[in-house]
Each structure stands twice: as C-alpha cells, then as structure tokens.
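Asks: Here you go, one structure.
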C-alpha cells in the first residue's frame, strides 16, 4: 500500500531548499582541545552546521559526573547518521543530540537515546534534560548524591532546578512533578497510561494516550502514535489501533521507539510498505515522481527519508550512509551531507 507524506522535521521529506555545492570526500574535523566540551561545540558548529545548545557544556559535565563516558561527537559508526554522540553509560547506552536534516528555524536539537533501530526521545532540548536530571537526583536522596550536579549550571541558576524545590512542592509523585514543573517526556506519559490501566481506569488511559499524540508535543516523532495504537489495541478497539499504527508509519520509522515489524503487525501490513519504499528509491521510481511534477530537490529529500526508514528496519545505517549523504547534496543541503558522512 502506498503511503505518502511525512514530517518536515525528520523527514527529510521536507521542502526543497536552494541548491549549493559540496566538495568530494569525507569531512574531517580538527580537534582544538583535549577537553570533551569544546570538541562537541566545534563539531556542532563546523560539521553539523547548526547552533550548539547554550548549555551543552553543563550537560556534558553532568553526564561525566554521573559516571558516563564522554564520547567523541564523530564516533558515529553503527549509529543513525543524524545522531551527535554525547556519552555512553555502563550498560553501553549512548545519549546523543539529534540533528534534524530539515528542521524549521529555531527548533532546538532533541536529546535522544540511540538504539539499533533508531532513537528514543529523552527530552525536547538540553535545558529540559538538565532539569530532569537535577530533579531526579534530588528526589533520589541517596547518601552518595552528587552535589556536583547542582554546581554545573550554577551560573544560570534562574533557568534551572534548585535543590530542595521538589520537597518544597509537596508533590509526592516524581512523575507528576516532572510533568507539571519540567515538561512532557515520552516515558513518563507512557508510565502514566500504564498506571491508569493498573487502576482499572481505561477511560483515563485512552485520554492520556490521545493527549500524547498531540502534534505540538513531540513534533516529528512517531512514538506517541505507536503507543496510542497499543493502548487502543489493549481496550479492544482494533480498527482504531490499526489506523493509528498506519498513521505512525507515515512519520520516520527510526522514531517509532521499537522495531518496525511490531508496528506493521498492528497496522496489519506485511512487507508491502517496505517494498513500496524500495521501489521509490529506484531510478524508475524517482523518474515517476519527476514526471508527476515533483521538484528534483524534493525527490532527493524523499529518497534520503526512504533510505533512513529502510535502514532502520535492520539497523544497517552504515550500508546506506554514502547514498543518503548524496541525496542531501542533490537536495541542496551540503552541510547536512557533510555531517552525515563524517566519521572519526
């Protein structure tokens, strides 16, 4: 079945932009400091060609204080090529920034957890993630609580959580505090839905699941629609669940938060969606789009989106990275092409 569309943000199925030229070869970045922080700032400016988050230095120091290993921003082998690695924890989980290829002006880079099949959204921006880490550390109240975490953003204290505010709020539930005082987070909203199910309140579960999918909450991410499909399936609304799953698959597959096959099963699709995408990236498929009047730059952006989606099915990012970069080059996005290609 043919499914068109897609989001501008991830979807490299965005509007066409002015054509620019890109030199051949992989980009190389000279490191100006042995400190991890300047390397990330420089990388984001010079290779990712976008504005570094204002408080990224704070976040990197906090992650290091929490015991995570700071990664080179160019250590992208095996990862979705749109990720900028920040750190790795003891279990091997990588935290990264996501560089949307066609983000609208002013949209901040989300903080994500990198997984084999894509990414999981941790926070919509660096400041939100910093505040969540601070609240959780304060609420934990363990004897070994790291006071250094609260010192990291000290020079911007007005913007960040102050130690003790959670206790002063008299809000007993940490998730409730985070949702009210810090922001919306996918994992917390999903826990809220499951809590409603545990209490036997299916109506509240469905209302929260629907709230999760509001487009202004997590633009560009398919995960809310996947989870809502699972909620609908659980309450026996199978037809609505199928429609929700099919809607989720119109967004980038690497934002599903799970394997493609799990969502396709709810959508009651076998391999037709994958075969359709494979057809679209052939020369014949691209010629058909051009004959229909689609701009060449848009065709190139669409191809990049299809290739990213197809790579997410098995997590074979490195196999398609060269062609994905070439698509962005053809679409007039040389900076994105250079970033996608970059490897330490």
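Residue numbers (the working numbering): 112 to 455. For each residue, glycine too, the CB sits at the ideal point set by N, CA and C.
(1) Give the single residue among 418, 300, 172 whose Cα lies nearest to the Cα of residue 385.
(2) Tell me which residue opens and which closes the alpha helix (DSSP H) that residue 245 is part of.
(3) Please report how far the alpha carbon of residue 336 lies from the alpha carbon of residue 311, in whole angstroms.
(4) Would you give the residue range spanned by the beta strand (DSSP E) that residue 153 belongs to?
(5) Can you tell me whether DSSP reads residue 278 as helix, strand or coil?
(6) Going by the CB atoms, is the gap between residue 333 and residue 359 shorter than 7 angstroms?
(7) Roughly how many angstroms separate the alpha carbons of residue 293 and residue 286, rounded to a whole number?
(8) Just curious, the alpha helix (DSSP H) that residue 396 is in, first and last residue?
(9) Check this for me: beta carbons of residue 202 and residue 179, under 7 angstroms apart or not?
(10) Taking only three categories from DSSP, how would you classify residue 169?
(11) State the DSSP-derived secondary structure class of residue 422, mapped to helix, strand or coil.
(12) Indicate whether the contact test is met: 3 or more Cβ pairs, each with one atom in the segment 387-403 and one in the segment 339-356, closer than 8 angstroms.
(13) Determine the DSSP secondary structure at residue 141, reduced to helix, strand or coil.
Replies: Considering the structure as presented:
(1) Relative to residue 385, the option among 418, 300, 172 whose CA is nearest is 418.
(2) Under the DSSP assignment, residue 245 falls in the alpha helix (DSSP H) whose first and last residues are 237-251.
(3) Looking at the backbone, the Cα of residue 336 and that of residue 311 are separated by about 22 angstroms.
(4) First-last for residue 153: 147-157, but that is the alpha helix (DSSP H), not the beta strand (DSSP E).
(5) Note: residue 278 maps to helix in three-state DSSP.
(6) Here residue 359 is near residue 333, since their CB atoms are less than 7 angstroms apart.
(7) Roughly 10 angstroms between the two C-alpha positions.
(8) Annotation for residue 396: the continuous alpha helix (DSSP H) segment containing it runs 394-402.
(9) Against a cut-off of 7 angstroms, the Cβ pair of residue 179 and residue 202 comes out as no contact.
(10) Here residue 169 sits in helix by DSSP.
(11) If DSSP states are grouped into helix, strand and coil, residue 422 belongs with the helices.
(12) Counting Cβ pairs under 8 angstroms, fewer than three are found: no touch.
(13) Because residue 141 carries a pLDDT of 38, less than 50, the predicted location of this residue cannot be relied on, and the following value inherits that uncertainty. In the structure shown, residue 141 sits in coil (DSSP, three-state: anything other than H, G, I, E or B).
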